[in-house]
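In what follows, a single structure is set out as structure tokens and then discussed.
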Amino acid sequence: MFSGRPARIAAAGVLVAVAVVMVLLFGRATPPAVVGVLFASEPWPRGTVGEVVVIDVPESLAPLFVTPDGLGNSVAAIDIPRGTFITAEMIRPPGPLLGQEGLTSLRLVATSALWPAPGPASGDEAVVGIAGEACSLTVTELVDVAAEEGTVTVAVTPAVAARLMAQPDLAVWPPVGGTWPECPRPEPPPVPIQATPAGTTRLALTAASNLWPPPGPQPGDRAVVAPAADACALVVTDLLDVDAATGTVVVAADAGDLVALRAAGSLSVWPAGSVAWPSCGPDRWRLHSGVPEGLTPLQVLVNPTYFPPPGPAAGDLVVVGPSGEGCAWLVTELLAAEGPAVSIAVTPDVAVRLMAQPDLAVWAPTTDGTWDMCVDLPDALEPDPEPTPEADTPPLDVEDPSENPAEGEGDG
Numbered sequence: 005m006f007s008g009r010p011a012r013i014a015a016a017g018v019l020v021a022v023a024v025v026m027v028l029l030f031g032r033a034t035p036p037a038v039v040g041v042l043f044a045s046e047p048w049p050r051g052t053v054g055e056v057v058v059i060d061v062p063e064s065l066a067p068l069f070v071t072p073d074g075l076g077n078s079v080a081a082i083d084i085p086r087g088t089f090i091t092a093e094m095i096r097p098p099g100p101l102l103g104q105e106g107l108t109s110l111r112l113v114a115t116s117a118l119w120p121a122p123g124p125a126s127g128d129e130a131v132v133g134i135a136g137e138a139c140s141l142t143v144t145e146l147v148d149v150a151a152e153e154g155t156v157t158v159a160v161t162p163a164v165a166a167r168l169m170a171q172p173d174l175a176v177w178p179p180v181g182g183t184w185p186e187c188p189r190p191e192p193p194p195v196p197i198q199a200t201p202a203g204t205t206r207l208a209l210t211a212a213s214n215l216w217p218p219p220g221p222q223p224g225d226r227a228v229v230a231p232a233a234d235a236c237a238l239v240v241t242d243l244l245d246v247d248a249a250t251g252t253v254v255v256a257a258d259a260g261d262l263v264a265l266r267a268a269g270s271l272s273v274w275p276a277g278s279v280a281w282p283s284c285g286p287d288r289w290r291l292h293s294g295v296p297e298g299l300t301p302l303q304v305l306v307n308p309t310y311f312p313p314p315g316p317a318a319g320d321l322v323v324v325g326p327s328g329e330g331c332a333w334l335v336t337e338l339l340a341a342e343g344p345a346v347s348i349a350v351t352p353d354v355a356v357r358l359m360a361q362p363d364l365a366v367w368a369p370t371t372d373g374t375w376d377m378c379v380d381l382p383d384a385l386e387p388d389p390e391p392t393p394e395a396d397t398p399p400l401d402v403e404d405p406s407e408n409p410a411e412g413e414g415d416g
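Counting along the sequence shown from 1, when you hit position 270 you're at 274 in the working numbering, and nothing is skipped either side.
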């Protein structure tokens, strides 16, 4: 870190020795005691350490400056010009100053148009808010700034990360002028009223929704209906109504759907997402070479924006979760990473949760290795019991014409 430090200290020592000799020869008074302090021989940008030389100053002035032993691994707290004596106010410890455990590094796309020139830098305290609104989502230190990419990296708790990830338009600006008001939390949209599509029948099903992220299924959601604990689809349809108290969902079913659902045992529903769900069948889980038995390799598209540079890679330990919710489906090691696609090895029930999400993201785990789970699921789902005739068939609210003869038949 000190370029030519031993040589400079030696040179300073020679000069002191010469001065002493001159005093002895010419009878001058003994020179005052001196102490070496740091002097910037080149500019120090904020968050970095530049080259220094050691300059001797009278011992009485030494407390005003930083000695070589006082620098340690500190970095510049401000932009330090060349030719400046280093003072204690100019340096700070490296890295985030939040001083908390359980933080995660989160990279965010955010505009800095409101930041005075030359713009934000690593180590700056910043308000992170919604672009165009004078409110704050959080006030934190910038761990990294990539101006050419329009991104900043912060270290925040999962709760703060959830709010930041949920906003499509973020901005950063200096926290001047006092306390910034907190941005209001959005109101949930009204639940639409769903009509039965033409050519289908309203069908009430008893189906578990424990694989559905909070707040659970809602009318109008696109859903997969399938045998419990299987990551495959019997029917992919819109939910017309939901009764969380009884575990009942109402779907629109055609004749083919009625046959498939009548033959099924215990049912589950989960979000359909944006993937093509495999049809239920014996060959739906074909394991790749090297993947342990009981797991399936799964490739999913993810948003890698939140992952600090240079982005995720094979072998990285990552959090996988729904983008914008700040919670985890799982923490796992990547089998592969190619652009926005990552491959992992998971059990079928975990595959259900991941494939159900239209917007997945990956980011670095917290410093203490923990992350709140999106849904409180058991470690493993219990297998379905062997179906008995008519024992596990969900109740249907479809009238069978054969059981309800028209009025007047048989009269006579």
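The C-beta atom is built at its ideal place from N, Cα and C for all residues, glycine as well.
Own chain, CB closer than 6 Å to residue i, minus 5 neighbours either side, in chain order
i, result
"residue 336", "348"
"residue 153", "none"
"residue 89", "43 and 69"
"residue 167", "141"
"residue 363", "327"
"residue 103", "Confidence at residue 103 is low in this model, with a pLDDT of 48, below 50, so the placement of that residue should be treated as unreliable; the coordinate-derived value is given next. Taken in chain order, the list of residues that qualify is empty."
"residue 251", "210"
"residue 376", "162 and 331"
"residue 164", "142"
"residue 40", "58 and 60"
"residue 403", "The predicted model places residue 403 with a pLDDT of 48, which falls under 50 and marks its position as unreliable; any figure quoted below should be read in that light. Taken in chain order, the list of residues that qualify is empty."
"residue 179", "129, 131 and 143"
"residue 29", "Because residue 29 carries a pLDDT of 49, less than 50, the predicted location of this residue cannot be relied on, and no value is offered for it."
"residue 287", "Note on residue 287: pLDDT 40, under 50, position unreliable in the model; no value is reported."
"residue 173", "135"
Residue(s) in a DSSP beta bridge with residue i
i, result
"residue 89", "43"
"residue 142", "132"
"residue 191", "In the DSSP output, where bridge partners are listed per residue, residue 191 has none listed."
"residue 325", "365"
"residue 377", "332"
"residue 214", "According to DSSP, residue 214 bridges with nothing at all."
"residue 248", "In the DSSP output, where bridge partners are listed per residue, residue 248 has none listed."
"residue 283", "237"
"residue 307", "365"
"residue 340", "347"
"residue 242", "226"
"residue 175", "115 and 133"
"residue 208", "254"
Whole-angstrom C-beta distance between residue j and residue i, which should lie under 8 Å
i, j, result
"residue 318", "residue 338", "5 Å"
"residue 247", "residue 224", "The pair is not a contact, with the Cβ atoms about 15 Å apart (cut-off 8 Å)."
"residue 240", "residue 208", "Not confirmed; about 18 Å, so no contact."
"residue 205", "residue 244", "Actually they do not touch by this definition, with Cβ atoms about 11 Å apart."
"residue 157", "residue 36", "No, residue 157 and residue 36 are not in contact; Cβ-Cβ is about 48 Å, not under 8 Å."
"residue 268", "residue 238", "6 Å"
"residue 139", "residue 185", "5 Å"
DSSP state of residue i mapped onto helix, strand, coil
i, result
"residue 152", "coil"
"residue 63", "helix"
"residue 254", "strand"
"residue 110", "strand"
"residue 388", "Residue placement at residue 388 cannot be trusted, given a pLDDT of 39 that sits under 50; what the coordinates show is reported in the next sentence. Residue 388: coil per DSSP, three-state reduction."
"residue 164", "helix"
"residue 320", "coil"
"residue 83", "coil"
"residue 72", "helix"
"residue 354", "helix"
"residue 261", "helix"
"residue 121", "coil"
Sequence-distant residues of its chain with Cβ nearer than 8 Å to residue i (five each side left out)
i, result
"residue 203", "258"
"residue 309", "111, 112, 113, 155 and 365"
"residue 47", "54, 83, 84, 85 and 86"
"residue 123", "116, 149 and 151"
"residue 344", "305, 306, 307 and 308"
"residue 78", "53, 95, 96, 97 and 98"
"residue 369", "108, 321, 322, 323, 335 and 375"
"residue 81", "50, 93, 94, 95, 96 and 127"
"residue 137", "187"
Residues near residue i by beta carbon distance below 7 Å, same chain, minus five either side
i, result
"residue 383", "Low per-residue confidence applies at residue 383: pLDDT is 37, beneath 50, and the placement is therefore not dependable, though the value from the model is reported in the following sentence. Counting only Cβ-Cβ distances below 7 Å, and skipping sequence neighbours, we find nothing."
"residue 92", "70"
"residue 221", "213, 227, 243, 246, 253 and 273"
"residue 341", "316, 317 and 318"
"residue 62", "36 and 38"
C-beta neighbour in chain B for residue i, strict 8 Å
i, result
"residue 63", "Given the protein chain composition of this structure (a single chain), no chain B is represented."
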